[in-house]
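In what follows, a single structure is set out as structure tokens and then discussed.
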Amino acid sequence: MRPSSNPELINALAIEVKVRRTELGLSQEGLAFAANLDRPYISLIEVGRKQPSLSVLSSLARGLDLGLGEFMLRIEARYLSAPKGKS
219 MRPSSNPELI NALAIEVKVR RTELGLSQEG LAFAANLDRP YISLIEVGRK QPSLSVLSSL
279 ARGLDLGLGE FMLRIEARYL SAPKGKS
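Our numbering applies: residue 219 is where the sequence shown begins, and numbers increase by one.
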């Protein structure tokens, strides 16, 4: 997979997944089960090493008890509020 041209956006996704998972009291294993994904894949998303497809984002949203639109809005809000640095 080629590197992201927008690491700040990938980081916003990573943080949002971890924050929401923690809010729900889910382990990575619990989220993986709820989203029908592998736990190592959840870990790679949470550290910003994977850029999930739209279908995976939909599964994550469902596992995080969010609609896809709300999930994307949360990621966007986190992205827009993050300081933009040099990569």
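Glycine included, C-beta positions come from ideal geometry on N, C-alpha and C.
- Just so you know, the alpha carbons of R238 and D256 end up roughly 18 Å apart.
- By the neighbour-count criterion, in which 16 or more other beta carbons inside 10 Å mark a residue as buried, R292 falls on the buried side.
- By alpha-carbon distance to D283, the top candidate from Y297, S261 and G248 is G248.
- Closest option to R267, judged by alpha-carbon separation, among Y259, V274 and S273: Y259.
- Ranked by how close their Cα comes to the Cα of A230, the residues A253, Q269, F251 and L244 have Q269 in first place.
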